[in-house]
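In terms of our numbering, the sequence shown opens at residue 17 and continues consecutively.
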Amino acid sequence: MFESKDFFDGWMRFIMPILEHVEGNKIDVSRDQDQSRLYGFLAERLFNIYLWKMQDDEDYSVLNFPIVKF
Numbered sequence: 017m018f019e020s021k022d023f024f025d026g027w028m029r030f031i032m033p034i035l036e037h038v039e040g041n042k043i044d045v046s047r048d049q050d051q052s053r054l055y056g057f058l059a060e061r062l063f064n065i066y067l068w069k070m071q072d073d074e075d076y077s078v079l080n081f082p083i084v085k086f
């Protein structure tokens, strides 16, 4: 997924300020198991946005594949 250090560093510069801001709001994630995954869920959703941003800004391309269920 991360083919270069520059790509990974860019992802970290993009996601960490967002996650730190959310964490700074003192959201109570101790109530149940799903809420304790808040930061992981948020990072997963924002990764697609980062990919779209990188596709427009840099020389990266994003491949989309259909999901096949058997």
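Each residue gets a CB set at the ideal place from its N, CA and C atoms; glycine is no exception.
This structure is a prediction, so every number in the text was calculated from the model and none was measured.
If you follow the alpha helix (DSSP H) that residue i is part of, which residue opens it and which one closes it?
{"i": "residue 20", "result": "Where residue 20 is concerned, there is no enclosing alpha helix (DSSP H), given that its DSSP letter is neither H nor E."}
{"i": "residue 50", "result": "49-52"}
Can you tell which of the options has its C-alpha closest to the C-alpha of residue i?
{"i": "residue 66", "options": "27, 44, 38, 79", "result": "27"}
{"i": "residue 30", "options": "61, 86, 44", "result": "61"}
{"i": "residue 23", "options": "79, 82, 85, 63", "result": "63"}
{"i": "residue 56", "options": "47, 81, 32, 41", "result": "32"}
{"i": "residue 59", "options": "85, 84, 38, 72", "result": "38"}
Roughly how many whole angstroms lie between the Cα atoms of residue i and residue j?
{"i": "residue 70", "j": "residue 76", "result": "6 Å"}
{"i": "residue 49", "j": "residue 34", "result": "22 Å"}
{"i": "residue 78", "j": "residue 20", "result": "15 Å"}
{"i": "residue 72", "j": "residue 41", "result": "31 Å"}
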